[in-house]
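Quick note, the working numbering runs 1 ahead of the 1-based positions in the sequence shown.
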Amino acid sequence: MARQTAKKPSGRSAPRKPAAEPKDAIIDALLTLAATRDFDKIGLNDIADEAGVSLAAMREHYDGKLAILRAFTRRVDSVVLDGGPAEGETGRDRIFEILMRRFDALEPHKAAVKSIARAARRDICLSAFLHRNAQRSVRWLMSAADVEKSGVLGAVALEGIVLVNADAFRAWLDDDESGLAKTMAALDRGLQRGERAIRFLDNVCSRFADLTRRDRAPSSTAPEAA
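This is how it looks when you write it as structure tokens:
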């Protein structure tokens, strides 16, 4: 929709009428701008103008750019989870399937995601935010893949999948093939390494638990009476 030519007293163009729900229109506006601009140079006024909402209306929905990014992540995860549980005989197969499903969901927004990734390499705070965002996302994807674990093993597995996904993500950024062969190869290699690491850690935890139970077991010989 073309922008209106009438000017507000501030000199800015009047916002366009959003074609979607305001929350979704704001996400779409940020992605549209990020596809053609440096992410760190996009201001809140730019997003509101592109979305066709006022700053006041945008503030009702989001605290800032990072909150909009978090909402975009939730939207992508919803698309992935709406596809139902991951299929596969093994946990590794199911993780592979659910992560590739996520890359498919990101594909229409690749130009914007590339811009965000470039900005994260320059901004340690943005990079840390994206890492935390990935952890939240992977927790849900692990549930869809039925590979949830608890305790120390669960924390290690979560971080391991986040790192595997990050390696595959870097391959995906430069993967222009329709079948995402480079992405699949990178993801498969990462999951193989991760599976070996988790198997080793699982054995260590099991042995430690056996030793702990053995130390706590009561002695088989009772003390003689005085």
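Note that CB positions come from ideal geometry on N, CA and C, so glycine has one too.
These numbers come from a predicted model, not from an experiment.
Original post:
In or out: residue 125 buried (at least 16 other Cβ within 10 Å) or exposed?
Top reply: Exposed.
Original post:
In angstroms, rounded to a whole number, what distance separates the CA positions of residue 93 and residue 86?
Top reply: Each residue's Cα considered, the two are about 14 Å apart.
**OP:** Could you spell out the range, first to last residue, of the alpha helix (DSSP H) harbouring residue 153?
**Re:** 152-174
Original post:
Alpha carbon to alpha carbon, what distance is there between residue 192 and residue 186?
Top reply: 10 Å
Original post:
From the beta carbon of residue 160, is the nearest beta carbon of chain C less than 7 Å away?
Top reply: Note that chain C does not occur in the displayed structure, where there is just one protein chain.
Original post:
In three-state terms, what does DSSP make of residue 37?
Top reply: coil
Subject >> Contacting residues, own chain, Cβ-Cβ under 8 Å from residue 98 (five flanking each side not counted) >> reply: The beta carbon of residue 98 is closer than 8 Å to those of 87, 88, 89 and 146 in its chain, skipping five residues each way along the sequence.
Original post:
Taking Cβ positions, are residue 139 and residue 157 nearer each other than 7 Å?
Top reply: no
Original post:
Rounded to a whole number of angstroms, what is the C-alpha to C-alpha distance between residue 39 and residue 184?
Top reply: 25 Å
Original post:
By a C-beta neighbour count over all protein chains shown, 10 Å radius and 16 as the cutoff for buried, is residue 179 buried or exposed?
Top reply: exposed
**OP:** Please report how far the alpha carbon of residue 111 lies from the alpha carbon of residue 188, in whole angstroms.
**Re:** 18 Å
Original post:
Would you report the Cα separation of residue 48 and residue 29, rounded to the nearest angstrom?
Top reply: 9 Å
**OP:** Would you identify the three-state DSSP class for residue 14, choosing helix, strand or coil?
**Re:** Confidence in residue 14 is poor, its pLDDT being 45 and thus under 50, which makes the residue's placement unreliable; the coordinate value appears in the next sentence. In this structure, residue 14 counts as strand in the three-state DSSP scheme.
**OP:** Using the Cα positions of residue 26 and residue 44, report the straight-line distance between them to the nearest angstrom.
**Re:** 16 Å
Subject >> Beta-carbon proximity of residue 32 to residue 113, cut-off 7 Å >> reply: yes
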